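Numbering (the numbering used here), first residue to last: 2 to 209. Where a beta carbon is used, it is the ideal one built from N, C-alpha and C, also for glycine. Small disclaimer: the values here were computed from a predicted structure and weren't measured.
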């Protein structure tokens, strides 16, 4: 009987280690999305800044005197166009659209990765719950789907002598819960507002 329990615990730990490996792979994917998304955001803001530049204030006597002093047909056309070259406007509009679509795509991908992380977290909790590990914390505890509660109790009632050089299945699960909690908070702050401010082109332009 004891051998059977040991074998079950070993199989459970191996399963959790595999889940942990998959979990960390998704974390790496998320970090890569953040890096690329940051570059897209910079490009978006640069293009938006160019297109949102204020026109010359024609009510300014000083500005109009300078223009009059250098007046040419070409200069007049440039001023009427808002001191922006047509080619530059087109390029920045294209850049704005490309970055906008890219950011939306990255948000969708990030949302998918967060969902996968949550599923892996539940899988780890389920694997622990299905064993007979000699840890009172997990007995009669509905861990699956309630990792926050599990983590809180782990921190409060966890093993008094935790040997990180030989982590147990519960240690892997707790580590996953900590990492997921931090990532989820960052994800909510950066992405889950009703409309991320940097994707709302109309409000961004009107705020200038």
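Whole-angstrom distance between residue j and residue i, CA atom to CA atom
i	j	result
residue 184	residue 66	56 Å
residue 131	residue 178	18 Å
residue 128	residue 171	10 Å
residue 176	residue 95	43 Å
residue 173	residue 90	52 Å
residue 204	residue 88	Here residue 204 scores only 44 on pLDDT, less than 50, and its place in the model should not be relied on; the value that follows carries that caveat. Going from the Cα of residue 204 to the Cα of residue 88 covers about 25 Å.
residue 47	residue 126	45 Å
Cβ-Cβ distance between residue i and residue j below 8 Å
i	j	result
residue 49	residue 97	yes
residue 117	residue 8	no
residue 31	residue 114	yes
residue 121	residue 23	yes
Sequence-distant residues of the same chain with beta carbon closer than 6 Å to residue i, five excluded per side
i	result
residue 110	34
residue 108	192
residue 181	118, 122
Residues near residue i in its chain [Cβ-Cβ closer than 7 Å; skip 5 each side]
i	result
residue 45	97, 100, 101, 104, 199
residue 188	111, 115
residue 16	128
residue 37	107
Other residues of its chain near residue i: CB distance less than 8 Å, five sequence neighbours each side excluded
i	result
residue 206	Residue confidence for residue 206 is low, a pLDDT of 43 falling below 50, so the modelled location carries little weight; the figure read from the coordinates is stated next. For residue 206, where only same-chain residues beyond five positions count, the Cβ hits under 8 Å are 49, 52, 53.
residue 124	20
Start and end residues, alpha helix (DSSP H) containing residue i
i	result
residue 171	170–192
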